[in-house]
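Our numbering puts the first residue of the sequence shown at 190, with every later residue one more than the last.
A virtual CB, placed ideally from N, CA and C, is assigned to each residue, including glycine.
All values derive from a computational prediction rather than experimental measurement.
Okay, so here's the structure we're looking at.
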Amino acid sequence: METLRVSSKSRPNSVAGAIAALLRTKGEVEVQAIGPQAVNQAVKAIAIARGYIAPDNLDLVVKPAFVKLDLENEERTALKFSIKAHPLES
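Below you can see the structure in the form of structure tokens.
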């Protein structure tokens, strides 16, 4: 599964485009964010991506979870969003 890392400076529209592209091609993607501003940007990007994939008759399911990451010899807690695409129900 592809992993996208979102920072507080990430542009939600750009991240949403990457999420939508991966959902269309692979059907799933993981988004990771550390810190409240990064989580905010990630959640906005997921909401925008949902709109991007709707014309393709796709919707998404998100499962959030905490995950420990080793960054620069330091353990950090991140929020991980596992996102899967599924067909829109009529």
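| Check | Outcome |
| --- | --- |
| What separation, rounded to the nearest whole angstrom, lies between the Cα atoms of residue 194 and residue 220? | 6 Å |
| Taking the straight line between their C-alpha atoms, what separation do you get for residue 215 and residue 263? | 31 Å |
| CB residue 267 to CB residue 258, shorter than 9 Å? | yes |
| Determine which residues share a DSSP beta bridge with residue 222 and list them. | 195, 268 |
| I'd like to know whether the C-beta atoms of residue 230 and residue 256 end up nearer to each other than 9 Å. | no |
| Measure the C-alpha to C-alpha separation of residue 245 and residue 265 and round it to an integer number of angstroms. | 36 Å |
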